[in-house]
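Enquirer: Pasting a structure below so you can have a look.
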Amino acid sequence: MKEKLQKIKDEAVRQISESKDLAKLNDVRVAVLGKKGELTAVLKSMKDVSPQERPIIGQLVNETRESIEKILEETKARLEAAELEIRLRHEVIDVTLPAKKNSLGHRHPNTIALEEMERIFTGMGYEVVEGPEVEYDYYNFEALNIPANHPAKDEQDTFYINDKIILRTQTSPVQVREMEKGKLPIRMIAPGRVFRSDEVDATHSPSFHQVEGLVIDKNITFADLKGTLAEFAKQLFGADTKVKFRPHHFPFTEPSAEMDVTCFKCGGKGCRFCKGEGWIEILGCGMVHPRVLRMSGIDPTEYSGFAFGVGLERIALLKYEIDDMRLLYENDQRFLDQF
Amino acid sequence: MNTSLKWIKDLVPGLTCTPQEYMDAMTLSGSKVEGYCCMDQDLDKIVIGKVMSVERHPDADKLVICQVDIGEKTIQIVTGAPNVAEGAKVPVVLDGGRVAGGHDGSVTPGGIKIKKGKLRGVESDGMMCSIEELGASRDMFPLAPEDGLYLLPEDAPVGEDAVAYLGLDDTVVEYEITSNRVDCFSVLGLAREAAATFGKKFVPPTVKETGNTENAADYIKVTIADQDLCSRYVARVVKNIKIAPSPEWMQRRLRAQGIRPINNIVDITNYVMEEYGQPMHAYDLDRIEGREIVVRRAAKDEKFVTLDGQERVLDDSILMICDGKRPVGIAGIMGGENSMITDSVQTMLFEAACFDGTNIRLSSKKIGMRTDASSKFEKGLDPNNALDAINRACQLIEELGAGEVVGGAVDVYDKVKEGRRLPFEPEKYNALLGTDIAAETMLSYFKALDLGYDEAKREVLIPTFRQDLECDADLAEEVARFYGYDKIPTTLPSGEATTGQLSFKLRIEALAREAAQFCGFSQGMTYSFESPKVFDKLLLPEDSPLRRAVVISNPLGEDFSIMRTISLNGMLTSLSTNMNRRNKNVRLYELGNIYLPHQIPVTELPEERMQFTLGMYGDGDFYTMKGVVEEILYKVGMRQKAQYDQNAEKPFLHPGRQANVIYDGDVIGYLGEVHPLTASKYDMKERVYVAVLDMPKIVAQATFDYKYSGIAKFPAATRDISMIVPKNVLAGDIEKVFDKKGGKLLESYALFDIYEGAQIKPGYKSLAYSLSFRAGDRNLEDADITGAMDKIVKALEAMDVELRK
Chain A
1 MKEKLQKIKD
11 EAVRQISESK
21 DLAKLNDVRV
31 AVLGKKGELT
41 AVLKSMKDVS
51 PQERPIIGQL
61 VNETRESIEK
71 ILEETKARLE
81 AAELEIRLRH
91 EVIDVTLPAK
101 KNSLGHRHPN
111 TIALEEMERI
121 FTGMGYEVVE
131 GPEVEYDYYN
141 FEALNIPANH
151 PAKDEQDTFY
161 INDKIILRTQ
171 TSPVQVREME
181 KGKLPIRMIA
191 PGRVFRSDEV
201 DATHSPSFHQ
211 VEGLVIDKNI
221 TFADLKGTLA
231 EFAKQLFGAD
241 TKVKFRPHHF
251 PFTEPSAEMD
261 VTCFKCGGKG
271 CRFCKGEGWI
281 EILGCGMVHP
291 RVLRMSGIDP
301 TEYSGFAFGV
311 GLERIALLKY
321 EIDDMRLLYE
331 NDQRFLDQF
Chain B
1 MNTSLKWIKD
11 LVPGLTCTPQ
21 EYMDAMTLSG
31 SKVEGYCCMD
41 QDLDKIVIGK
51 VMSVERHPDA
61 DKLVICQVDI
71 GEKTIQIVTG
81 APNVAEGAKV
91 PVVLDGGRVA
101 GGHDGSVTPG
111 GIKIKKGKLR
121 GVESDGMMCS
131 IEELGASRDM
141 FPLAPEDGLY
151 LLPEDAPVGE
161 DAVAYLGLDD
171 TVVEYEITSN
181 RVDCFSVLGL
191 AREAAATFGK
201 KFVPPTVKET
211 GNTENAADYI
221 KVTIADQDLC
231 SRYVARVVKN
241 IKIAPSPEWM
251 QRRLRAQGIR
261 PINNIVDITN
271 YVMEEYGQPM
281 HAYDLDRIEG
291 REIVVRRAAK
301 DEKFVTLDGQ
311 ERVLDDSILM
321 ICDGKRPVGI
331 AGIMGGENSM
341 ITDSVQTMLF
351 EAACFDGTNI
361 RLSSKKIGMR
371 TDASSKFEKG
381 LDPNNALDAI
391 NRACQLIEEL
401 GAGEVVGGAV
411 DVYDKVKEGR
421 RLPFEPEKYN
431 ALLGTDIAAE
441 TMLSYFKALD
451 LGYDEAKREV
461 LIPTFRQDLE
471 CDADLAEEVA
481 RFYGYDKIPT
491 TLPSGEATTG
501 QLSFKLRIEA
511 LAREAAQFCG
521 FSQGMTYSFE
531 SPKVFDKLLL
541 PEDSPLRRAV
551 VISNPLGEDF
561 SIMRTISLNG
571 MLTSLSTNMN
581 RRNKNVRLYE
591 LGNIYLPHQI
601 PVTELPEERM
611 QFTLGMYGDG
621 DFYTMKGVVE
631 EILYKVGMRQ
641 KAQYDQNAEK
651 PFLHPGRQAN
661 VIYDGDVIGY
671 LGEVHPLTAS
681 KYDMKERVYV
691 AVLDMPKIVA
701 QATFDYKYSG
711 IAKFPAATRD
721 ISMIVPKNVL
731 AGDIEKVFDK
741 KGGKLLESYA
751 LFDIYEGAQI
761 KPGYKSLAYS
771 LSFRAGDRNL
781 EDADITGAMD
791 KIVKALEAMD
801 VELRK
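Protein chains in written order, with the numbering used here: chain A, 1 to 339; chain B, 1 to 805.
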C-alpha cells in the first residue's frame with residue numbers, strides 16, 4: 001500500500017510538473033484527487049483494510065493527499081503569476097492616445113471672478129444680497145446724495161423708463177435698500193447687472209456688472225476701509241499685492257478714494273499691461289456720507305460705515321487677460337471653453 | 001483741465017519739483033494728474049539765429065546757402081525754405097541737436113537728430129526750423145507761415161535758447177478734476193492745492209485798483225430781471241481800445257494751456273478765464289442799444305444769431321443778455337453776432353457774471369452748444385470771484401496798453417453769498433479716519449487751503465470758493481488728503497460678528513449652474529434689453545402678453561429698446577453666433593432676469609424673474625435636454641417625478657416636440673426643439689433645443705432637506721412587459737398606470753425598447769418596460785408580484801394596449 005501511494009504521488013508530481021497551464025493542472029487534480037481520482041479510489045478501498053491498519057493507512061493517504069495538494073497549490077500560484085504576467089504584457093496601451101473627455105461646461109469668466117469675491121467677503125462675514133435692476137430714480141440717485149439736476153446724473157448716462165424709473169447705473173442703490181431695512185450692523189456685498197448708455201466697443205458695454213460693498217457699524221473708520229480692501233486685494237490678486245488709496249469724489253461717500261493695486265503682471269515695476277505705471281485702478285470707495293446715512297434712517301452720530309464698488313468685468317478682463325469686452329457677451333464656445 | 005507747470009511754479013515760487021514728482025504728489029493729495037507732456041522733450045540744441053546772407057546754391061535751384069549768426073559764431077546752413085531772407089531771425093538747431101518732427105507736422109517719437117553734412121556738395125552745419133519741427137503747430141502760433149521757417153520777432157536775442165524764448169520749455173499737466181472741486185478748474189485753484197501739497201507759499205497775483213476818474217455807471221445800466229438764474233452781474237467799461245497782439249509772455253502761457261493767441265483783448269479774457277476760472281464776455285458798447293443791459297429769460301421760440309453766425313431757436317428756460325431792445329448774447333454760453341467785438345471797436349463793455357450752473361448745463365444741452373464758458377459756468381461758480389476776475393482783466397488791459405479802463409464797476413449783486421462756518425471737531429475727524437492727528441496739524445492743513453479759523457468760537461471759516469465743504473466728513477477728508485491717505489493705518493472692523501452667507505436663492509442658482517455645467521453646458525451672458533422685433537422672430541401672436549414690455553425712453557437704438565419679457569432671444573442669438581462660426585456641439589446656459597411690467601405705462605418697478613435658460617445644438621436631442629432638466633431638479637432637491645405636458649403651446653417651438661415641465665402640479669418651465677421658422681430667423685439650419693426654468697418657482701420648491709432611505713438588503717424581482725400600444729398613447733400614460741396600479745412593492749420601472757415599423761401594425765408602436773419589485777423585509781415570491789402585475793395588465797388592456805407574449 002505504501003508503495004502504491006508513493007507511486008501515485010510520484011506520478012502526480014511528474015504530471016504536475018509537466019502541466020504547462022492551469023487547465024492541464026486542473027486535469028491532474030481531478031485525475032488524482034477528484035471523485036474518480038486515484039487517491040480517492042485508494043480511500044474507497046479502505047474498507048478492505050483491517051481495522052488495525054486503518055489508522056496507519058488512513059494517515060498515509062492523508063499525508064500523500066496533503067503533499068500533492070501542496071504541490072498543486074504552489075504550481076497553481078506559479079502558473080497564475082505567469083499567466084497574469086503574459087496578460088499584462090499583452091495589455092500594454094499607448095498612454096499618449098487622446099483622452100476620452102466628459103465635456104464639462106464652463107463658468108463665465110465674470111462668474112469665476114464673482115465667486116472668488118464672494119468667497120473672500122463671505123469669509124469676512126459679509127452677506128451676499130441683491131436688488132432690482134430696474135430701479136427707482138430715488139434709490140439710484142437721490143438717496144445717494146445725487147439730487148435732481150446733479151451733474152453726476154449726466155455723467156452716468158442713465159437709461160430712463162420714465163421720470164421715476166430707470167435702469168440702475170450702479171449697484172449702490174442696494175446699499176440704501178439694505179440700510180432702510182433697519183437691521184444693524186450691516187456687512188454686505190451686492191453683485192449685479194448695471195446699465196449705462198455707452199456704445200459697445202472693446203472697453204465699453206451698455207450692460208455690465210458691479211459688486212457693491214457696504215459695512216455699517218459703530219466705530220467704523222477709514223482705517224477699517226483701508227484694511228478690509230487691502231486684504232481683499234491680497235486674496236484676489238496674490239499675497240504680494242500692495243494697494244494705494246488716492247483721494248477722489250463720489251457724492252455718496254466722504255472721504256472718498258480710488259484704490260490702485262500693484263500690477264499683478266509686473267509686480268509694480270511698470271509694463272505694457274499697466275501702461276508703465278506699475279499700478280492698476282481697481283475700485284472706488286469711501287466712508288458713507290452722513291447725509292446718505294440720515295436719509296436711510298441711520299443716525300450718523302452713532303453709526304458710521306464704508307462702501308465700495310468694483311467693476312466685475314474690469315476684474316475679469318484684467319485677471320484673465322481678456323483684451324476685448326465684447327467677448328464676454330458673444331458667448332462663443334471657444335472663448336468660454338478657456339475658463 | 002490742463003495747466004502749464006511753469007505758471008503753477010510762478011504762483012508757488014518755492015516749488016522745485018520735477019513733473020513726475022508733481023504728478024505723484026498732486027494725485028495723492030486729490031488733484032488727480034492724468035499725465036503730463038514736456039513740450040521740449042524732443043528738442044535739443046536749438047538757438048536763435050540771424051540770417052546774415054543768402055546765396056544761391058551752385059548745383060540746386062531750390063536750395064540757398066545762408067550764413068547764420070548764432071551768437072558766438074556764424075555757421076553755414078543750406079536750406080530750401082521759401083521764406084528765408086537776409087536779416088530774418090529764426091530757430092536754428094545745431095549739429096548734434098534734435099527736433100520733434102518734420103516740417104509737414106509729422107511727429108517722430110524721440111525726435112530727429114540733426115547732424116552736419118553736405119547738401120548737394122555744400123557744407124551745412126545745422127538746420128533752420130519751421131514751427132512744426134519744434135513740435136508746435138500753426139494753430140498755437142498763428143503767425144507761422146504755412147510753409148517755411150518760423151520767423152522770430154526782430155528783438156529776439158541772437159544766440160539764446162529758442163525753445164525757452166518760444167515758451168516750449170514748459171510742461172503741460174493734464175488733470176482729472178472731480179465735479180465737486182469747481183475752484184480747481186482754474187490755475188489759481190490748482191496752484192493753491194500745489195502749495196498746500198508741497199508745503200510752500202501760495203502767491204496769487206496782486207490786483208490793484210484800475211480805471212480813470214470816470215464812472216462805469218455813466219456808461220451802462222444793468223438790470224437782472226431773473227435773479228434766480230443770475231446771482232451777480234459785474235460790468236466794466238474800457239474805451240480807446242487798441243487791438244494788437246498780446247505780449248510773448250501771455251501768448252506762451254495761453255499756448256501751454258492749449259489756447260490759441262488771437263489779440264490782446266481776447267487773450268486777456270482767456271487768460272483770466274484760465275487763471276480765475278471765471279469766464280468773461282466783451283461787447284462792443286457802441287452796438288449796445290440804449291446803453292443798457294437786461295438779464296432775462298428768452299421768449300418761447302425766440303430766434304438769435306450767435307457770434308459763430310448760427311441762428312439758434314430758444315425757449316423760456318434759456319437766459320439771455322439783452323440790451324435796451326434785443327438780445328445780445330446767450331447768458332454764459334455764447335455772445336451774439338450783433339454786439340461782437342471787431343477790430344474797429346472803440347469802447348468795450350466787459351461782463352463778469354455768475355449764472356445758475358444747472359440752468360446753463362441744461363440750456364447748453366438744449367441748444368446743442370457747449371463752449372469753454374458754458375463748461376465752466378455749468379459747474380456752478382462762486383459769485384464772489386467775478387469782481388476779482390474782472391478787476392484782474394482790467395489791470396492786464398492797463399498793463400498791456402490795450403485801452404483806457406473807465407473807473408468803477410456796475411455790480412448788481414443783491415444776495416451776497418456768505419462763507420459757511422463749521423464747528424472745528426478734531427476728535428470727530430480722527431474718529432472717522434481711525435487716526436490720532438493733532439488739532440494744530442489739522443489747522444495747519446486748513447490754513448494752507450485758505451480756510452479761516454475762528455479760535456474763540458472754534459469754527460472753521462469756509463470761503464465761498466470751497467462750496468463743497470459742508471460737514472465734518474468733508475473737513476475730515478481735507479485732513480486726510482494732506483495727512484496722506486497712505487499714512488492712515490490699516491485695520492479691520494471690530495464689533496459684532498456677522499454670518500457671511502449667500503441667500504437661499506443664490507445657493508440654489510449656484511447648484512443649478514453646477515448641474516448644467518456637469519451636463520456640458522457653459523455659461524453665457526446676454527443683454528437685458530433687446531429689439532421689439534424679437535417678438536416676431538419668436539412668432540408670438542399679436543395679442544401675446546409677452547409683447548407688453550418695459551420700454552426704455554432713451555435707448556441706444558431700437559435694437560436695445562425694450563426690457564426682455566422672455567429669455568430666449570439672447571440664447572438663440574448666441575447659438576446662432578456659434579453656428580455661423582462653425583463651432584460644433586454647442587451647449588450654453590444663461591441665468592438672467594426677464595422684466596414683466598405690472599401695468600402699461602409702467603408706474604412701478606416691473607417684476608424681475610430669474611430664468612435659467614439652456615440651449616444646445618449638435619449631439620443630443622429633446623430627451624438629452626429633458627435629462628439635463630431632470631438633473632438640475634434632482635440637484636436642487638426636487639425629487640418627485642416631473643410631469644411633461646405636450647400642450648405647452650409655445651409658438652417658437654416645434655409643435656410636436658415641446659412640453660411644459662410640471663412639478664407638484666405647477667408649471668415650472670418648458671423645453672422643446674426650436675421651431676424651424678424661428679431657427680431660420682436666427683439663421684440656424686441645424687436642430688436646436690432649448691429649455692427654460694422659471695427660477696422663482698424652482699427656488700420655492702427646492703430644498704437641502706435630503707433624507708436617507710436605506711440601501712436595499714433584499715434582491716429585487718423584475719418582470720418585463722412588452723406591449724403594442726396605439727400611437728397616440730404616450731409613454732407617460734403607460735407610466736401613470738404603473739404608478740397607480742403597481743402597489744407598494746413596485747420600486748421602479750424603465751423603458752428598454754421602443755419600436756415602430758414593419759413588424760408592428762400601422763397606427764401602433766411597441767414598448768417594452770422592465771418593472772422592478774422589492775420588499776424591504778424579505779425575498780419576494782411570485783405570488784407577491786402576480787397581483788400587481790394582473791392589475792397593471794388589466795388597466796393597460798382597457799387602454800387598447802395589447803400585451804406581447
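Just so it is clear, CB atoms sit at the ideal spot from N, CA and C, and this is done for glycine as well.
Nothing here was measured: the structure is a model prediction, and the numbers come from that model.
With 16 as the cutoff for other CB atoms within 10 Å, does S709 of chain B come out buried or exposed?
Expert: S709 of chain B comes out exposed.
Enquirer: Whose CA, out of B:V793, B:I662, B:P676 and B:A299, lies closest to the CA of D720 of chain B?
Expert: D720 of chain B has its Cα closest to that of B:V793, out of B:V793, B:I662, B:P676 and B:A299.
Enquirer: For A476 of chain B, decide whether its Cβ has a neighbour in chain A, counting only Cβ atoms nearer than 7 Å.
Expert: It does; some Cβ of chain A falls within 7 Å.
Enquirer: What residues in its chain sit with their C-beta under 7 Å from that of D468 of chain B, if we drop five residues either side in the sequence?
Expert: Result list for D468 of chain B: N180, R181 and D474, in chain order.
Enquirer: With distances taken between CB atoms, is the gap from G286 of chain A to P255 of chain A smaller than 7 Å?
Expert: Going by C-beta atoms, G286 of chain A is nearer than 7 Å to P255 of chain A.
Enquirer: Give the list of continuous beta strand (DSSP E) stretches no shorter than 3 residues that lie fully inside the stretch 7 to 58 of chain B.
Expert: Complete beta strand (DSSP E) runs here, min 3: 32 to 38 and 44 to 56.
Enquirer: Have a look at B:V801, B:D301, B:G495 and B:L540 and flag the residue whose alpha-carbon is nearest the alpha-carbon of K761 of chain B.
Expert: That would be B:V801, whose Cα lies nearest to the Cα of K761 of chain B.
Enquirer: Spatial neighbours of D198 of chain A within its chain, please: C-beta separation below 8 Å, excluding the five flanking residues on both sides.
Expert: If we look at D198 of chain A and ignore the five residues flanking it on each side, its Cβ neighbours are D157, H204, S205 and P206.
Enquirer: If we call anything under 7 Å between Cβ atoms a contact, is N331 of chain A one with S574 of chain B?
Expert: Yes. Within cutoff.
Enquirer: Verify the CB distance criterion: does V602 of chain B have a CB-CB separation below 7 Å to chain A?
Expert: Closer than 7 Å to some Cβ of chain A, the Cβ of V602 of chain B qualifies, so yes.
Enquirer: Identify the contact partners of M616 of chain B in chain A, using a Cβ-Cβ distance below 7 Å as the criterion.
Expert: In chain order: nothing, as chain A lies at least about 10 Å away.
Enquirer: Around the Cβ of L803 of chain B, are there at least 16 other Cβ atoms within 10 angstroms (buried) or fewer (exposed)?
Expert: Exposed, since its Cβ has fewer than 16 Cβ neighbours within 10 Å.
Enquirer: Could you compute how far the alpha carbon of M325 of chain A sits from the alpha carbon of D201 of chain A?
Expert: Each residue's Cα considered, the two are about 7 Å apart.
Enquirer: Is P185 of chain A close to chain B? Criterion is C-beta to C-beta, closer than 7 Å.
Expert: It does; some Cβ of chain B falls within 7 Å.
Enquirer: Let me know if T678 of chain B comes out buried or exposed under the rule of 16 or more other beta-carbons within 10 Å of its beta-carbon.
Expert: Flag for T678 of chain B reads buried.
Enquirer: Please go through the stretch 60 to 124 of chain A and give each complete beta strand (DSSP E) segment of 3 or more residues, from N-terminal end onward.
Expert: Qualifying beta strand (DSSP E) stretches: none in this window.
Enquirer: Would you mind telling me which residues of chain B sit closer than 8 Å to H289 of chain A, beta carbon to beta carbon, in chain order?
Expert: Chain B residues near H289 of chain A: A473.
Enquirer: What are the boundary residues of the beta strand (DSSP E) that P327 of chain B is part of?
Expert: Here the beta strand (DSSP E) through P327 of chain B covers P327 to I330.
Enquirer: By the three-class DSSP mapping on this structure, what secondary structure does M140 of chain B have?
Expert: The answer is coil: DSSP assigns M140 of chain B none of H, G, I, E or B.
Enquirer: Pick helix, strand or coil for T613 of chain B, following the three-state DSSP scheme.
Expert: The answer is strand: DSSP assigns T613 of chain B an E or B state.
Enquirer: Verify the CB distance criterion: does I265 of chain B have a CB-CB separation below 7 Å to chain A?
Expert: So, not an interface residue.
Enquirer: Please check the pair R370 of chain B and S363 of chain B, which I expect to be a contact at CB under 8 Å, by giving their CB distance rounded to whole angstroms.
Expert: Not quite, the Cβ-Cβ distance comes to about 10 Å (not below 8 Å), so this is no contact.
Enquirer: Could you spell out where the beta strand (DSSP E) holding Y670 of chain B opens and where it closes?
Expert: D666 to V674 is the extent of the beta strand (DSSP E) around Y670 of chain B.
Enquirer: Are the beta-carbon atoms of P545 of chain B and V134 of chain A separated by less than 7 Å?
Expert: The answer is no: Cβ separation not under 7 Å.
Enquirer: Is there a C-beta anywhere in chain B that falls below 7 Å from the one on K44 of chain A?
Expert: Cβ-Cβ to chain B under 7 Å: no for K44 of chain A.
Enquirer: Check the Cβ-Cβ distances between I220 of chain A and every residue of chain B, and say whether any is below 7 Å.
Expert: It does: the Cβ of I220 of chain A has a partner Cβ on chain B nearer than 7 Å.
Enquirer: Quick one: is D284 of chain B buried, meaning 16 or more other Cβ sit within 10 Å of its Cβ, or exposed?
Expert: Buried: at least 16 other Cβ atoms inside 10 Å.
Enquirer: For the putative contact between L492 of chain B and G227 of chain A, defined by C-beta atoms under 8 Å, what is the C-beta separation to the nearest angstrom?
Expert: Indeed, because the Cβ distance is near 5 Å, the residues count as touching under 8 Å.
Enquirer: Could you check how far apart the C-beta atoms of V412 of chain B and I224 of chain B are, in whole angstroms? I think they sit under 8 Å.
Expert: Contact holds; Cβ gap of about 5 Å.
Enquirer: Closest by CA to L568 of chain B, which one among B:Y453, B:L653, B:V636 and B:H598?
Expert: The residue with the shortest Cα to Cα distance from L568 of chain B is B:L653.
Enquirer: Any beta-carbon of chain A closer than 7 Å to the one on N580 of chain B?
Expert: Judged by the 7 Å Cβ criterion, N580 of chain B is not in contact with chain A.
Enquirer: Strictly by DSSP, which residues pair up with A352 of chain B?
Expert: B:V234, per the DSSP bridge assignment.
Enquirer: In whole angstroms, what separates the C-alpha of P383 of chain B from that of F273 of chain A?
Expert: Roughly 45 Å between the two C-alpha positions.
Enquirer: Quick one: complete beta strand (DSSP E) runs, 3+ long, within the stretch 545 to 630 of chain B?
Expert: Taking only runs of at least 3 residues, the beta strand (DSSP E) segments lying wholly in the stretch 545 to 630 of chain B are 587 to 596 and 607 to 617.
Enquirer: Would you mind working out which of B:R564, B:T499, B:Q501 and B:M525 sits nearest S531 of chain B, comparing C-alpha positions?
Expert: With distances taken between Cα atoms, S531 of chain B lies closest to B:R564.
Enquirer: Here's the rule I'm using: 16 or more other beta-carbon atoms within 10 Å means buried, otherwise exposed. How should M1 of chain B be labelled?
Expert: Counting Cβ neighbours within 10 Å, M1 of chain B comes out buried, since at least 16 surround it.
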